[in-house]
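Below is one structure, written out as structure tokens; comments come after it.
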């Protein structure tokens, strides 16, 4: 066993079997994957990685499984799943994900892309761990929802960790009380009524972290620029989408800097913080067209053509709801299990608050902001009076 001092959870006890997984090249790659993409362009302290987050999720999962009445092998399986839940994350984390989803229909939860090859496959086999069951835990397809759920080990750790490293206090909640108030019914995490306020606090923290950090306009602009550079390389045949599963931040940066033309220009802009600017930035509810029918690529092409700007220099950003349409976390109230949003008016209100917080963005270099902005306003039928108040 080894001891690791963690910034968030303190001293972590790392068993020998965990060390064997951690020491594989596939897991060590996570040291070079930033936890929240380009957030350090806004929050200079946000330089933490998927590596330490994965250790943190493992620790939270271990605390939770100790409250379950299951055998040691099953506990080990759940803790291993928590440790490996992000092993397939792409360079700059979610900043690469939509590109891979578009081309391959895969995302970071498709850990089989990594776990079924290389050294890590052999280690898991030697440890007697069932890869298919680990995959099921990570994708939320198992009986147990410790690794993936509305309130899970992943969210508990990343909110605490991201809040600490960004310096944004919105991610602070009583994690220990929440963990202590979780009970298990048929292996499913259920929050005892005494932990309701802690659960609400976690989800409110998550909402505030999205609006303040994850969806900060600078983070969104850098992410969309990065996506467009990757798409350019893929369309030119210089990059295979699946290769991104085996690359890290330094590797993709070196690749883009070695490229010619647009990809190189974009990565240099990001690295030197010469980002595109907001030509249009409005709440989605203020938009006069049905955004579900808008293809961002088509919109970029048509706006660029009307504005007399090269298509490469127009980016349309239509963000998606982070939590979907409902919260599925369960609460035990007077002996009856209910959905969290059935017993909490605060949680129900979060759905509407999240929808109302989403912003439509159109980004372009500074010199094109005025003409692109005028065209984008008309294209998306945005009230000009409202738009003018934002800048």
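In this note's numbering, the protein residues as written are -3 to 387.
Glycine is no exception: its CB is placed at the ideal position from the N, C-alpha and C atoms.
Predicted model, so just to flag it, every value in this text is computed and none were measured.
Residues that residue 172 bridges to, as DSSP identifies them
Counted from its first residue, the chain shown places residue 172 at position 176. Answer is none; residue 172 lacks a bridge partner.
From residue 384 to residue 277, what does the alpha carbon distance come to, in whole angstroms?
Looking up residue 384 in the chain shown gives position 388. Looking up residue 277 in the chain shown gives position 281. Unreliable placement is indicated for residue 384, whose pLDDT of 47 sits below 50; the coordinate value is still reported in the next sentence. Rounded to whole angstroms, residue 384 to residue 277 spans 10 Å at the Cα level.
Where residue 306 and residue 147 are concerned, what is the direct C-alpha to C-alpha distance, given to the nearest angstrom?
If you number the chain shown from 1, residue 306 lands on position 310. If you number the chain shown from 1, residue 147 lands on position 151. Across the structure, residue 306 and residue 147 are spaced so that their CA atoms are roughly 44 Å apart.
Less than 7 Å between the C-beta atoms of residue 359 and residue 314, yes or no?
Working through the chain shown from its first residue, we reach residue 359 at position 363. Working through the chain shown from its first residue, we reach residue 314 at position 318. The answer is no: Cβ separation not under 7 Å.
Touch check for the region 72 to 79 and the region 44 to 59: three-plus C-beta pairs under 8 Å?
Yes, they touch.
Would you tell me roughly how many angstroms separate the C-alpha atoms of residue 394 and residue 113, rounded to the nearest one?
Past the boundaries of the shown model lies residue 394; the chain is included only from -3 to 387, so the question cannot be answered.
Report the residue from 108, 123, 154 and 22 whose alpha carbon sits nearest the alpha carbon of residue 135.
Looking up residue 135 in the chain shown gives position 139. That would be 108, whose Cα lies nearest to the Cα of residue 135.
Return the chain-ordered list of same chain residues with a C-beta closer than 8 Å to the C-beta of residue 243, the five sequence neighbours on each side being excluded.
In the chain shown, counting from the first residue as 1, residue 243 sits at position 247. Closer than 8 Å at Cβ, skipping near neighbours: 86, 87 and 251.
For residue 184 and residue 191, what's the separation of their Cα atoms in angstroms?
Here residue 184 corresponds to residue number 188 of the chain shown, with the count starting at 1. Here residue 191 corresponds to residue number 195 of the chain shown, with the count starting at 1. Distance between the alpha carbons of residue 184 and residue 191 is about 16 Å.
What are the complete alpha helix (DSSP H) segments, minimum 4 residues, inside the region 95 to 140?
If we require 4 residues or more, the alpha helix (DSSP H) runs fully inside the region 95 to 140 come out as 108 to 111, 114 to 122 and 127 to 135.
Residue 227 versus 23, 95, 46 and 372, residue with shortest Cα-Cα distance:
Stepping through the chain shown from its first residue, residue 227 is reached at position 231. Comparing C-alpha distances from residue 227 to each of 23, 95, 46 and 372 shows the shortest one belongs to 95.
On the CB-based measure, 16 or more other CB atoms within 10 Å of its CB, does residue 223 come out buried or exposed?
As a first step, residue 223 must be located in the chain shown, where it is residue number 227. In the assembly as shown, residue 223 is a buried residue. Its beta-carbon has 16 or more other beta-carbons within 10 Å.
Spatial neighbours of residue 52 in its chain, beta-carbon cut-off 7 Å, leaving aside the 5 residues before and after:
One-based indexing of the chain shown puts residue 52 at position 56. Only 2, 4, 5, 153 and 157 meet the Cβ criterion.
Bridge partners - residue 281, DSSP secondary structure assignment:
Within the chain shown, the letter at position 285 stands for residue 281. For residue 281, which the question treats as bridged, DSSP gives no partner whatsoever.
The region 193 to 206 contacting the region 169 to 184, beta-carbon criterion three pairs below 8 Å:
Enough Cβ pairs lie closer than 8 Å, so yes.
Return the chain-ordered list of same chain residues with a C-beta closer than 6 Å to the C-beta of residue 284, the five sequence neighbours on each side being excluded.
Stepping through the chain shown from its first residue, residue 284 is reached at position 288. Counting only Cβ-Cβ distances below 6 Å, and skipping sequence neighbours, we find 377.
Beta-carbon spacing of residue 327, residue 187 below 7 Å
Here residue 327 is taken as the residue at index 331 of the chain shown, counted from 1. Here residue 187 is taken as the residue at index 191 of the chain shown, counted from 1. In contact: residue 327 and residue 187 (Cβ atoms closer than 7 Å).
Give the range of the alpha helix (DSSP H) segment to which residue 371 is assigned.
Residue 371 sits at position 375 when you count from the first residue of the chain shown. First-last of the alpha helix (DSSP H) with residue 371: 365 to 375.
Looking at the unbroken beta strand (DSSP E) that takes in residue 360, where does it start and where does it end?
Taking the chain shown and counting its residues from 1, the one referred to as residue 360 is at position 364. Residues 355 to 360.
From what residue to what residue does the beta strand (DSSP E) around residue 329 run?
Here residue 329 refers to the residue found at position 333 when the chain shown is read from its first residue. In the DSSP assignment, residue 329 falls within the unbroken beta strand (DSSP E) covering 326 to 329.
Per DSSP, residue 180 is paired with what?
For the purposes of this step, residue 180 is taken as residue 184 along the chain shown, with counting starting at 1. Answer by DSSP bridge pairing, in chain order: 185.
Enumerate, from N- to C-terminal direction, the unbroken alpha helix (DSSP H) stretches of 4 or more residues contained entirely within the region 3 to 68.
Within the region 3 to 68, complete alpha helix (DSSP H) segments of at least 4 residues are found at 12 to 18, 21 to 24 and 46 to 61, given in chain order.
Determine whether the beta carbon atoms of residue 49 and residue 31 lie at a separation below 7 Å.
Here residue 49 refers to the residue found at position 53 when the chain shown is read from its first residue. Here residue 31 refers to the residue found at position 35 when the chain shown is read from its first residue. Yes; because the gap between Cβ atoms is below 7 Å, this pair is in contact.
By the DSSP assignment, the alpha helix (DSSP H) with residue 332 in it spans what residues?
Working through the chain shown from its first residue, we reach residue 332 at position 336. Taken as a continuous stretch (DSSP letters only), residue 332 belongs to no alpha helix (DSSP H), being part of the beta strand (DSSP E) at 332 to 335.
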